[in-house]
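45 is the number that our numbering gives to position 45 of the sequence shown; each next residue is one higher, with no gaps.
Only one structure is covered here, and it is reproduced in the block below.
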Amino acid sequence: MVEPKETKAPDASTSKPKPCCVCIPQKQSRDECLLLNGQESGKCDSIIQEYKTCMKGFGFEVN
């Protein structure tokens, strides 16, 4: 007979937040800028960099 393994919920203090739940204001600004201007315009570069910096602060790699 196979016994089920115990699974523990990750400790909230040590678990990494989900990428969708961090840097929300920066993400909204980035998305709005890209929607209105397009990525090729270069007008959003500083906003995109701000978003990437914020995400890196939470341990996420953004390309």
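Built from N, CA and C at the ideal position, the CB exists for glycine as well.
Since we're looking at a predicted model, the values are computed, not measured.
In this structure, DSSP gives N37 a helical state, which the three-state scheme calls helix. In this structure, I24 sits away from C33, with a CB-CB distance that is not shorter than 8 Å.
Per the C-alpha coordinates, the member of L36, G42 and V62 positioned closest to Y51 is V62.
By the 16-neighbour rule on beta-carbons within 10 angstroms, C44 is buried. Annotation: the continuous alpha helix (DSSP H) that includes K52 extends over D45 to G57.
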